[in-house]
Amino acid sequence: MEMLRKAREYENITKTKADPDRPSFHLTPATGWCNDPNGFSVYKDDYHLFYQYYPYDIIWGPMHWGHVKTNDFISWDYLPAAMAPDQDYDKKGCFSGSALELDDGRHLLAYTGCYTGEQTAIDGSYYQHQCIAIGDGLNYKKMDCNPVISADLLPDEYSNLDFRDPKIIKKNDSYSIIIGARRKDNSGHSVLLFESKDLQKWTFASELISSDDKLGRLWECPDYFEIDGNDLLLFSSQLAYKNQDIRETLALLGKYDDNQKKFKITSEIPLDYGTDFYAPQTIKSLDGRRIMIGWMQNWASVDYKLTGKNFFGQMGFPRELYFKDNLLCQSPVQEIEQYYGDRIYFDNLKIKEPVFFENIEGRYYDMEVTIHFDKDPCNTSIKLRQNEDSYFQLYFDSDRLLLSGNRSKAGIPSEYKNQTEIPVNLVNNSIKLRFIVDRYSIEVFVNDGQQVASYLIDSKGEKIQFEAEKECGFDIDFHKLIRKESETL
Ligand code: FRU
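Just so you know, we're using this note's numbering here: the sequence shown kicks off at 2 and counts up by one.
Listed below in structure tokens is the structure:
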């Protein structure tokens, strides 16, 4: 407990130093480092979120769990750190995991404990096993019987050096945990299923899904849920980043076969086409929506730190997942409307030459732009967060039916991946683009969320420039976003 006390005391001191120029509508730690969202759950009618957290610096360090809660997914109350790596079995870090409200009113956290053991692995990696802590929404006690899923329960062909990120699910009277795992001979990656009746004694049940490298390598942070009778399995693949053909975070659509305890994949859906979206978790909200939140970052560019900031890492804007016309779609949570300030609306404005509009600008807004093509589509461009020397560009290439998001002039150095492509369909000869813009990020929702792309940026520009190769009609629906000052640090 000493380490947790120290972290909480440190938080009390540093929260007074929280940077006022942090993102306005995206969660960051008050100070220090964060990566994956953890333990996203409903507990006593509040939404709790934890995150991978190193309070003492803006680099990754021994992982703690930071803790916040919310009622609207946008304004968060900061709570004291929930866990520190203070036991022999997790002293190298409390890695990612999930949470569950128990029937008896307690809050359960399932996480990966990392340790080096007597023999450090050759490459210096940590051994991993699964642990549980139980608490009251503020304080959590790690179970005496930890680790509850040790390497002994792993089938022989799997390595306990990449065996992590338990997602716990309750079904009737029993519990399941799914975990990302790598085979020792590197022949593939799996999501493994374990089961328990009492949360203490677990057994290996099956390889829920398994693959060679076709869907990316090193599967992390699985999530599993159902929407409208469709089963979905989410995971992120850290080593996908360098491969243009594989997206880091996938939703596998399919069906769970309860007899074989296998997930049969029918299709793979990339959840984000931008540079920054990883390790999402979902919950069912109190009014029945499936809400997802991910880390708006990628591992390949964590060395780049926002200029002059004492925090690192932010969560993406929470999204609702739903099916429309049999397609998995995503939209920013509807609570965003509670933050709307002035609205400006233009209907079918004819645009060709580069143009800016008075009051359609800023660093925080929700803007929907529908571009109507006359006959054939033509190339169009929208530049956001523009000033004399910087901007983010979303360019529509009408021949290839591709949108290209480019942040290479938006403050992120050229050694990082700065441009990505998003395949699009024209709907009634138009494209609909919704932009959620905050101090350090741009998220684009294409055609009512059929595709989404998230980009971290580091520039101060505020102007928005519209341009088309041939004259097109632009509907522009612009809402300034106004922060409520209710967040408590
Ligand atoms: C994913 C991840 C997880 C791990 C955590 C460590 O981003 O690598 O697999 O639990 O980060 O911080």
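In this text, a Cβ means the ideal position worked out from N, Cα and C, and glycines have one as well.
Take residue i as the anchor and find which of the options has the nearest alpha-carbon.
| i | options | result |
| --- | --- | --- |
| W203 | S431, C132 and D367 | C132 |
| P378 | L403, I345, I413 and G181 | L403 |
| S151 | T113, S212 and E359 | T113 |
| K471 | D375, P319 and C115 | D375 |
| E12 | N173, I59 and T32 | T32 |
| V438 | D326, H130, M2 and F393 | F393 |
| S237 | F446, P38 and P414 | P38 |
| S399 | N380, A411, R408 and I169 | N380 |
| I170 | F195, D163 and G462 | F195 |
| M316 | I135, L28, D22 and Q387 | L28 |
| I1 | L235, S188, L103 and D348 | Outside the shown range of the chain (2 to 490) lies residue 1, about which nothing can therefore be said. |
| S188 | D199, S211 and S207 | S211 |
| E354 | V43, Y44 and G474 | G474 |
| S175 | L154, F164, Q201 and E158 | Q201 |
| K7 | F26, Y55 and G255 | Y55 |
| D166 | D157, I180 and P156 | I180 |
| Q335 | N311, R364 and D288 | D288 |
| M2 | W296, K92 and S42 | K92 |
| I270 | K306, Q387, I423 and Y396 | I423 |
| S97 | F205, G295, E416 and I337 | G295 |
| K310 | D145, P30, A100 and E10 | P30 |
Please work out which residues of its chain come closer than 7 Å, Cβ to Cβ, to residue i, disregarding the five sequence neighbours upstream and downstream, and give them in chain order.
| i | result |
| --- | --- |
| I483 | Y340 and G342 |
| F357 | K464, I465 and Q466 |
| D229 | F324 |
| T308 | D459 |
| K351 | E472 and G474 |
| D22 | R440 |
| N448 | V425, N426, V428, I432 and K433 |
| E141 | Per the sequence shown, residue 141 should be read as Tyr rather than Glu. Excluding sequence neighbours, Y141 sits near A83, M84, L110, A134 and I135. |
| K285 | R291 |
| K143 | Q88, C132 and A134 |
| I345 | N360, I361 and F479 |
| G363 | E463 and K481 |
Per DSSP, which residues does residue i bridge with? Please list them.
| i | result |
| --- | --- |
| A111 | S99 and I133 |
| Q88 | According to DSSP, which records beta bridges pairwise, Q88 is partnered with nothing at all. |
| K410 | Paired residues: none, contrary to the question. |
| F393 | L385 |
| Y257 | F264 |
| C330 | Y323 |
| P424 | L403 |
| A152 | Per DSSP, none; premise fails for A152. |
| G106 | According to DSSP, which records beta bridges pairwise, G106 is partnered with nothing at all. |
| W1 | Since the first residue shown for the chain is 2 and the last is 490, residue 1 is missing from the structure and cannot be characterised. |
| D47 | Y44 |
| G94 | C115 |
How far does the beta strand (DSSP E) with residue i in it extend, from its first residue to its last?
| i | result |
| --- | --- |
| R183 | S175 to R184 |
| I1 | Here the chain has residues from 2 to 490 only, and residue 1 is not among them. |
| V43 | G33 to Y44 |
| R291 | R291 to W296 |
| D476 | C473 to L482 |
| N231 | N231 to S238 |
| C222 | W220 to I228 |
| K143 | Y141 to K143 |
| T204 | W203 to S212 |
| E416 | Counting along the chain, E416 falls outside any beta strand (DSSP E), and DSSP gives it neither H nor E. |
| Q466 | K464 to A469 |
| E371 | Glu is not the amino acid found at residue 371; the sequence shown has Thr there. Its beta strand (DSSP E) spans residues Y366 to H373. |
| T283 | Y279 to K285 |
| R435 | S431 to D439 |
| N161 | Y159 to K172 |
| F446 | S442 to V447 |
| Q452 | Q452 to L457 |
At which residues does the alpha helix (DSSP H) containing residue i begin and terminate?
| i | result |
| --- | --- |
| N13 | E3 to T15 |
Apart from the five residues just before and just after residue i, which ones in its own chain have a Cβ nearer than 8 Å to its Cβ?
| i | result |
| --- | --- |
| I14 | none |
| M502 | Outside the shown range of the chain (2 to 490) lies residue 502, about which nothing can therefore be said. |
| S207 | L193, L194, Q261, K262 and K263 |
| S487 | Note on S487: pLDDT 49, under 50, position unreliable in the model; the coordinate value appears next. Counting only Cβ-Cβ distances below 8 Å, and skipping sequence neighbours, we find S76. |
| N161 | Y128, Q129, H130, A152 and L155 |
If we cut at 9 Å on Cβ distances, does residue i have a partner in chain D?
| i | result |
| --- | --- |
| D259 | The question asks about chain D, but that chain is absent: this structure has only one protein chain. |
Within the same chain, show all residues whose beta-carbon is closer than 6 Å to that of residue i, passing over the 5 residues directly before and after it, in chain order.
| i | result |
| --- | --- |
| Y52 | C35, P38, N39 and G67 |
| R408 | F393, N419, Y456 and I458 |
| Y44 | E102, H108 and G138 |
| G94 | P63, M64, P86 and C115 |
| A182 | Y159, F164, S191 and L193 |
| Y365 | S25, D439 and L482 |
State whether the segment 45-55 contacts the segment 64-78, with contact taken as three or more CB pairs (one from each stretch) at a distance under 8 Å.
yes
With contact counted as at least three CB pairs below 8 Å, one residue from each stretch, are the segment 450-468 and the segment 273-281 in contact?
yes
Cβ contact check for the segment 208-228 and the segment 301-319: 3 or more pairs under 8 Å
no
Taking three-plus beta-carbon pairs below 8 Å as touching, is the segment 300-308 in contact with the segment 251-262?
no
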